[in-house]
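Working notes for the structure below.
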Amino acid sequence: MNYQNNIWDIKDNLILRKDGSVFAIYQIPSKVINSVDGKTKEKHKDLVYTALSHLRNYHDFEIRMIPMDLNLYGRYKKLALDIDWDSEVGDLADYVLSKTIDHLETDIGQLYEYQYYILVPLKSLMISMDLKSVVYEGYRSSRNLVLNTFGIGETVPVNWAETYRNQKEVLENNLSLLNAKPLSTKENIFLHRLQFMRGQFYNKDAEIARVENSIENLDETNIEFEHVNIIKLNNMGETSYVAMLPINGLPENMSYLHLQEELQAIRFPVESNFKIQFSLPKGVFSLLGKAKRARQRLKNTISEAEEVEDVQKGSVIKSKFLLEDLQGKFDKDEPLVTYLHTLTITAFTLEELKAKYELLFATLNQLSIEVVRANADQVYLFYKNRMTETLDRDDRNFLQAMSLKAFCENLFFMTKKVGTDIGFSIGRIDNQIDSWQGDYKKAIEASSSPVFTNLLQANKLGVKDKSTNNPHVAIIGETGTGKSFLTKLLFT
Numbered sequence: 023m024n025y026q027n028n029i030w031d032i033k034d035n036l037i038l039r040k041d042g043s044v045f046a047i048y049q050i051p052s053k054v055i056n057s058v059d060g061k062t063k064e065k066h067k068d069l070v071y072t073a074l075s076h077l078r079n080y081h082d083f084e085i086r087m088i089p090m091d092l093n094l095y096g097r098y099k100k101l102a103l104d105i106d107w108d109s110e111v112g113d114l115a116d117y118v119l120s121k122t123i124d125h126l127e128t129d130i131g132q133l134y135e136y137q138y139y140i141l142v143p144l145k146s147l148m149i150s151m152d153l154k155s156v157v158y159e160g161y162r163s164s165r166n167l168v169l170n171t172f173g174i175g176e177t178v179p180v181n182w183a184e185t186y187r188n189q190k191e192v193l194e195n196n197l198s199l200l201n202a203k204p205l206s207t208k209e210n211i212f213l214h215r216l217q218f219m220r221g222q223f224y225n226k227d228a229e230i231a232r233v234e235n236s237i238e239n240l241d242e243t244n245i246e247f248e249h250v251n252i253i254k255l256n257n258m259g260e261t262s263y264v265a266m267l268p269i270n271g272l273p274e275n276m277s278y279l280h281l282q283e284e285l286q287a288i289r290f291p292v293e294s295n296f297k298i299q300f301s302l303p304k305g306v307f308s309l310l311g312k313a314k315r316a317r318q319r320l321k322n323t324i325s326e327a328e329e330v331e332d333v334q335k336g337s338v339i340k341s342k343f344l345l346e347d348l349q350g351k352f353d354k355d356e357p358l359v360t361y362l363h364t365l366t367i368t369a370f371t372l373e374e375l376k377a378k379y380e381l382l383f384a385t386l387n388q389l390s391i392e393v394v395r396a397n398a399d400q401v402y403l404f405y406k407n408r409m410t411e412t413l414d415r416d417d418r419n420f421l422q423a424m425s426l427k428a429f430c431e432n433l434f435f436m437t438k439k440v441g442t443d444i445g446f447s448i449g450r451i452d453n454q455i456d457s458w459q460g461d462y463k464k465a466i467e468a469s470s471s472p473v474f475t476n477l478l479q480a481n482k483l484g485v486k487d488k489s490t491n492n493p494h495v496a497i498i499g500e501t502g503t504g505k506s507f508l509t510k511l512l513f514t
C-alpha cells in the first residue's frame with residue numbers, strides 16, 4: 023500500500039487519484055426514526071437495499087458515518103439574529119445564550135452530530151473493461167512514481183472533471199432514492215483533511231485554504247507511535263490519540279442488528295467506516311469461489327469425523343448450513359458483498375482512549391459483535407481507511423462476507439434527532455428504550471445529544487432542510503411525563 027498522498031486533484035464532489043481513478047462523494051441525509059418505530063426501520067432498510075443494489079456494476083463503494091463538529095457558536099450566532107437586542111430583555115438573552123453554551127460544553131464536552139457520506143468509483147483500474155486504458159494508466163502511474171523521485175510531477179489534466187459529467191448523472195440517478203447531495207469543492211477538501219485531524223481542534227477555513235494552495239498539504243500531519251502501536255497525530259500544536267478498531271466477527275443472524283443506531287447511542291463520538299466490494303460472479307477471488315473451497319474443507323472435516331465415529335461439533339454443522347445458504351443466494355443472483363468495517367475513536371490522553379475502548383467493547387459485546395484492538399495493524403488500518411482506498415487481493419484480515427440484504431441490517435442513514443438545527447437548548451435525546459424509573463439525572467448523563475428548538479422558525483421561509491411552514495406545536499405523552507413542564511418551558 024502507498025502511504026503517501028494518493029489524491030491528485032479535487033473538483034466539486036469528484037476526486038482524481040494519482041493512479042488515474044476517479045471517485046464521486048455524496049452526503050446522504052439521515053432519516054429521523056424513533057427507537058421504537060420498528061415498522062419505519064424495516065421500510066428504511068428495504069429502501070437502502072434497493073438503492074445500494076443499483077451500485078452493483080460499480081463493484082466498490084464505501085459508506086462513512088463521521089461525527090462532525092456541531093459548531094455551537096456558529097448556530098447561536100444565527101439564533102442571535104432573531105433577538106431584539108435593543109429591548110429590555112437584551113441583557114437577559116445574552117446571559118441565557120452565554121450560560122447555555124458554557125453549560126453544554128462543560129457537561130457534555132465535545133458537541134457533535136453524525137453525518138453520512140457515500141463514495142463510488144466513476145472510474146477504477148480494478149473494474150475497467152478497457153484493457154488499453156488499464157495498461158496506459160498503469161504505465162502512467164509507474165512513470166509518475168519515477169518522476170516524483172526526481173522532484174518532477176505530471177500536471178493535472180485541464181477540465182478533467184468535465185469528462186465525467188455523464189457518469190455523474192447516471193450515478194446520481196442510481197442514488198436518487200437516498201436523496202444524495204453532491205459536495206462542494208471546499209466540503210470535499212475538508213472531509214479529506216479531517217482524516218488527519220481526528221480528535222483535534224482546528225480552524226476549518228485555514229485548513230481548507232492550505233489544501234487549496236497545494237494538494238500535498240492534504241495529509242500534512244506528523245504521525246507518531248506511542249507504546250509502539252498507538253497512533254498519535256500532531257498538527258500545528260494539536261495532539262490526539264487515535265485507535266482504529268476493526269470488526270472481526272458478527273452474529274450468524276444479522277436480523278435487527280441495527281449496529282449504526284447502537285453506535286450513535288454511545289456517549290462519545292465513534293467514526294464508522296465501511297469499505298464494501300460486490301462479489302464477482304466468477305473467478306478464484308469471487309466470494310462463491312472462496313465458499314466452494316471452504317465447503318470442500320468442511321466436507322473433509324465431516325468425513326474424517328465420520329470415519330472415527332465422532333460427534334459433529336455444533337460450529338461445523340452451522341458452517342455447513344451457512345455455506346449452503348450462501349450458495350442458494352448466489353443461485354438466485356442476490357447481491358453478495360465483502361467488506362471491511364473499522365471503528366475509529368480518539369482521545370486527548372491514553373487513559374481516556376483506554377476508557378473509551380472498554381466502553382465500546384462492552385457495548386458491542388452485548389450485541390455479540392467481536393471488535394479487536396489490532397495492535398499490529400494500526401498503520402495498515404489508518405491508511406486503508408483513507409477515502410477512495412478500495413479492497414484488493416492483499417486484504418485478507420477482518421473481512422466480513424454476506425448478502426447485501428443482511429448488510430443493510432446495520433441500519434444506515436438514520437438518526438434520532440429531534441428539534442431544530444438552530445434554537446434554544448431544552449433537553450437531551452433519550453437513547454434508552456426502557457424506563458429510567460424517575461432518575462432523570464442519570465438519563466441526562468447518559469446522553470450527549472442536545473435538543474434545540476426555536477418556535478420562531480416555524481413559519482419562516484428558506485430554512486435549510488425545513489419540511490413544513492406549520493406554526494402549530496403538538497405535545498403528546500402519558501399523564502405525568504412532563505407535558506405541562508415542556509409547555510411552560512417553550513412558551514413562557
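Note that the numbering used here has the sequence shown beginning at 23, numbered continuously upward.
All C-beta atoms in this analysis are idealised placements derived from N, C-alpha and C, irrespective of residue type, glycine included.
A quick note: this is a predicted structure, and the numbers were derived from the prediction, not measured.
Three-state secondary structure (DSSP) of residue i
| i | result |
| --- | --- |
| His280 | coil |
| Trp30 | strand |
| Lys53 | strand |
| Ile174 | For Ile174, the predicted model reports a pLDDT of 46, less than 50, meaning its position is unreliable; a value from the coordinates is still stated below. Coil. |
| Gln388 | helix |
| Asn270 | strand |
| Asn476 | coil |
| Ser294 | strand |
| Gly350 | helix |
| Glu356 | coil |
| Asn35 | coil |
| Gly60 | helix |
| Glu246 | strand |
| Phe446 | strand |
| Phe45 | strand |
| Thr379 | First, the residue type needs correcting, since residue 379 is Tyr and not Thr in the sequence shown. If DSSP states are grouped into helix, strand and coil, Tyr379 belongs with the helices. |
| Leu511 | helix |
| Lys203 | strand |
| Lys211 | Sequence inspection shows Ile at residue 211; the Lys mentioned does not correspond to that position. The answer is helix: DSSP assigns Ile211 an H, G or I state. |
| Val192 | helix |
| Glu260 | strand |
| Tyr25 | coil |
| Gln286 | helix |
| Leu197 | coil |
| Cys421 | Note that residue 421 corresponds to Leu in the displayed sequence, not to Cys. If DSSP states are grouped into helix, strand and coil, Leu421 belongs with the strands. |
| Leu365 | strand |
| Asp152 | Reliability fails at Asp152, whose pLDDT of 47 lies under 50, so the model's placement of it is uncertain and no value is given. |
Segment limits, alpha helix (DSSP H) that includes residue i
| i | result |
| --- | --- |
| Asp116 | Gly112 to Asp129 |
| Arg415 | No alpha helix (DSSP H) holds Arg415; DSSP gives it neither H nor E. |
| Ile466 | Tyr462 to Glu467 |
| Tyr405 | Gln400 to Lys406 |
| Phe429 | Leu426 to Phe429 |
| Glu184 | Here Glu184 belongs to no alpha helix (DSSP H), and DSSP marks it neither H nor E. |
Under 8 Å between C-beta atoms of residue i and residue j
| i | j | result |
| --- | --- | --- |
| Gly271 | Ile367 | no |
| Asn210 | Asn295 | no |
| Leu216 | Tyr48 | no |
| Glu127 | Met90 | no |
| Leu279 | Asn432 | yes |
| Tyr138 | Leu213 | no |
| Thr364 | Ala423 | no |
| Glu246 | Lys254 | yes |
| Leu382 | Tyr263 | no |
| Asn476 | Asp241 | no |
| Ile29 | Ile37 | yes |
Any non-hydrogen atom of the ligand NAP within 7 Å of residue i CB
| i | result |
| --- | --- |
| Ile32 | As far as ligands go, the structure on display features none, and thus does not contain the ligand NAP. |
Whole-Å CB distance - residue i paired with residue j, under 8 Å assumed
| i | j | result |
| --- | --- | --- |
| Tyr186 | Val44 | 6 Å |
| Asp452 | Ser469 | 6 Å |
| Gln479 | Thr509 | So it is not a contact: roughly 18 Å between Cβ atoms. |
| Asn257 | Thr243 | 5 Å |
| Cys430 | Tyr71 | 4 Å |
| Asp31 | Ile237 | 6 Å |
| Lys427 | Glu356 | 7 Å |
Beta strand (DSSP E) segment containing residue i, residue limits
| i | result |
| --- | --- |
| Val233 | Looking at the DSSP string, Val233 is not in any beta strand (DSSP E); the run it does join, the alpha helix (DSSP H), is Lys226 to Asn235. |
| Lys145 | Tyr134 to Lys145 |
| Ile252 | Ile252 to Asn257 |
What ranges does the alpha helix (DSSP H) occupy inside the stretch 66-114, keeping only unbroken runs of at least 4 residues that lie completely in it? With a minimum length of 4 residues, the continuous alpha helix (DSSP H) runs that stay inside the stretch 66-114 are 94-101.
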